[in-house]
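**Student:** Position in the sequence shown (first residue = 1) + 37 = the numbering used here. Backbone N, C-alpha and C fix where the C-beta goes; we use that ideal spot for every residue, glycine too. In this text the structure is predicted, and so the values were computed from the model without any measurement. Handing you this structure, nothing more for now.
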Amino acid sequence: MPVAVFAASFVMAALVSSRLVQSRVVGAPPPTTAPWAYPAARLTTLPSALDIRRLIALRNPAAVTRWAPVLRAVLAHGLPNLKSPVVGLLRARTSDGTTNIVVADAEADVAGTTWVRVGLAKVRNGTEGWVPRSALGGWSFVDTRLVIDRARFTATLFRAGHIIFRAPVGVGAPGTPTPAGHFYVRDRLSGFSSPIYGPLAFGTNAKSPTLTDWPGGGVVGIHGTNQPWLIPGRISHGCIRLRNAAIIRLGRLMPVGTTVTIE
Numbered sequence: 038m039p040v041a042v043f044a045a046s047f048v049m050a051a052l053v054s055s056r057l058v059q060s061r062v063v064g065a066p067p068p069t070t071a072p073w074a075y076p077a078a079r080l081t082t083l084p085s086a087l088d089i090r091r092l093i094a095l096r097n098p099a100a101v102t103r104w105a106p107v108l109r110a111v112l113a114h115g116l117p118n119l120k121s122p123v124v125g126l127l128r129a130r131t132s133d134g135t136t137n138i139v140v141a142d143a144e145a146d147v148a149g150t151t152w153v154r155v156g157l158a159k160v161r162n163g164t165e166g167w168v169p170r171s172a173l174g175g176w177s178f179v180d181t182r183l184v185i186d187r188a189r190f191t192a193t194l195f196r197a198g199h200i201i202f203r204a205p206v207g208v209g210a211p212g213t214p215t216p217a218g219h220f221y222v223r224d225r226l227s228g229f230s231s232p233i234y235g236p237l238a239f240g241t242n243a244k245s246p247t248l249t250d251w252p253g254g255g256v257v258g259i260h261g262t263n264q265p266w267l268i269p270g271r272i273s274h275g276c277i278r279l280r281n282a283a284i285i286r287l288g289r290l291m292p293v294g295t296t297v298t299i300e
C-alpha cells in the first residue's frame, strides 16, 4: 500500500474512533432527577472544576437496566466528589434484612476514582446520589419494566418493550396514596406470618410519607392479599396489592432490579 494511502487511512480510522468515544461521553442531570427521566442526549455538563474525565450513561428506559448489590454502607453525594453535599446514606441492608441493591444510570471518573449515580430510598422520591464504585458489587442486568397505572388500577410488565403481564391492582386510598414516580424492585420476600401480604411480595425503593402496608412502614411494596374482592380499587395504605394468583405469576416473570413506574 502506498505510504500516502496508508497515512490517510490511519487518520480516517482515528477520526472515527474519536467520534465513537465522544458519543459515549455525556453530562449529568440534576442529582434529584429520577435515573430514567432523561435520555443521555439531554443531559447537561457538570462543572469542569470536578475534573471529570469520563461520564457515561448506563441505561435507557426502554432497554437494559444495570443494578448492583451494596457491599458496605456509604454516604451518597450530590456530585461525584467527596466535598459535595451529602444527600443520603446508602445502607448495605434493607429494612427487610435483605441485601440492598441500587440501580445505576451514570458513571464518572473523577481524579482517579470511579463514581456511580444511583437512586436512593428516601421520602423525597426520585432522589439520586453519587457513590464510589468500590462500595458496590458486580453488575447484573434486566430488561423488564413494571408500570402501575393508578387511574386504571392496572399493573403491566414489559420485557424488551413487549407486554408480558397485565393484572388489576389495588392502590393507596385517598388518605394514604401510592406515590407517583420512577423506582425499582429491591428485594423479593415470602413466608409472611400474616396472610395480608399473600404468598409473595416485592420491596421497592419507593417511600411514602404516610403509613404503608409494609412491615415497619414507609416502604411501598407490591404484594398479594387476603382480600381479593377489594381489587381493583383505592384500598391500601400505599402499597400495591394484586390477587394471589397474579402475584405468583408476576413472581415468575419479574426479577429484582426491574424498574417500576407509578403513574
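Could you check which residue in Ile185, Thr181, Ala238 and Val123 has the C-alpha nearest to that of Trp167?
**Tutor:** If we check each option's Cα against that of Trp167, Val123 comes out closest.
**Student:** Looking at C-alpha atoms only, which residue of Ala110, Gly175, Pro246 and Arg271 is the closest neighbour of Leu127?
**Tutor:** The residue with the shortest Cα to Cα distance from Leu127 is Ala110.
**Student:** Could you give the distance in angstroms between the alpha-carbon of Ile138 and the alpha-carbon of Thr131?
**Tutor:** When rounded, the distance between both Cα atoms is 9 Å.
**Student:** Would you check if the segment 231–246 and the segment 275–286 touch, i.e. whether three or more CB-CB distances between them fall below 8 Å?
**Tutor:** Contact holds: three or more Cβ-Cβ distances are below 8 Å.
**Student:** Applying the 10 Å Cβ sphere with the 16-neighbour rule, what's the burial state of Trp266?
**Tutor:** Exposed.
**Student:** What three-state label does DSSP hand Ala86 in the structure shown?
**Tutor:** Caution applies to Ala86, whose pLDDT of 36 falls short of 50 and renders its modelled position unreliable; the model cannot decide the point.
**Student:** Please report how far the alpha carbon of Gly261 lies from the alpha carbon of Val222, in whole angstroms.
**Tutor:** Whole-angstrom Cα-Cα distance: 15 Å.
**Student:** Among Cys276, Ile268, Ile201 and Ala113, whose alpha-carbon lies nearest the alpha-carbon of Ile245?
**Tutor:** Here the sequence assigns Ser to residue 245, which means Ile is not the residue at that position. When each option's Cα is compared against that of Ser245, the closest is Cys276.
**Student:** Exposed or buried, what is Ala105 when buried is set at 16 or more other beta-carbons lying within 10 Å of its beta-carbon?
**Tutor:** Result: buried.
**Student:** Mark Asn263 as exposed unless 16 or more other C-beta atoms lie within 10 angstroms of its C-beta, in which case mark it buried.
**Tutor:** When all chains shown are included, Asn263 counts as exposed.
**Student:** Could you please give me the residues that DSSP links to Ile277 through a beta bridge?
**Tutor:** Per DSSP, Ile259.
**Student:** Give the DSSP-derived three-state secondary structure of Ser171 in the structure shown.
**Tutor:** Helix at Ser171.
**Student:** Spell out the partners DSSP gives Glu300 in its beta bridges.
**Tutor:** Its beta-bridge partners do not exist; DSSP assigns none.
**Student:** Does DSSP put Arg187 in a helix, a strand or coil?
**Tutor:** Coil, per DSSP.
**Student:** Can you name, in chain order, every residue of its own chain whose Cβ lies under 6 Å from the Cβ of Pro232, other than the five neighbours on each side?
**Tutor:** Taken in chain order, the residues that qualify are Asn263.
**Student:** Tell me where the beta strand (DSSP E) around Asp180 begins and ends.
**Tutor:** Counting along the chain, Asp180 falls outside any beta strand (DSSP E), and DSSP gives it neither H nor E.
**Student:** Starting from Phe229, follow its DSSP beta bridges and name the residues at the other end.
**Tutor:** In DSSP, Phe229 forms no bridge with anything.
**Student:** Please look up how many angstroms separate the CB atoms of Ala243 and Gly218, rounded, as I've assumed it's under 8 Å.
**Tutor:** Their Cβ separation, rounded to whole angstroms, is 7 Å, which keeps Ala243 and Gly218 in contact under 8 Å.
**Student:** With distance defined between alpha-carbon atoms, name the residue in Thr241, Leu119 and Pro169 nearest to Ala143.
**Tutor:** Considering only alpha carbons, the answer is Pro169.
**Student:** From which residue to which residue does the beta strand (DSSP E) around Lys244 run?
**Tutor:** Ala238 to Lys244 is the extent of the beta strand (DSSP E) around Lys244.
**Student:** Helix, strand or coil: which one does DSSP assign to Gly235?
**Tutor:** Three-state result, Gly235: coil.
**Student:** Which of helix, strand or coil does DSSP assign to Ala143?
**Tutor:** Ala143: strand per DSSP, three-state reduction.
**Student:** For Gly163, decide whether its Cβ has a neighbour in chain D, counting only Cβ atoms nearer than 8 Å.
**Tutor:** Looking for chain D here will not work: only one protein chain is present.
**Student:** How would you call Thr150, buried or exposed, if buried means at least 16 neighbouring beta carbons within 10 angstroms?
**Tutor:** Flag for Thr150 reads exposed.
**Student:** Looking at the unbroken beta strand (DSSP E) that takes in Gly156, where does it start and where does it end?
**Tutor:** Its beta strand (DSSP E) spans residues Thr150 to Gly156.
**Student:** Tell me, to the nearest whole angstrom, how far the beta carbon of Thr213 is from that of Thr241; I am working on the premise that it is less than 8 Å.
**Tutor:** In fact, because the Cβ distance is near 16 Å, the residues do not count as touching under 8 Å.
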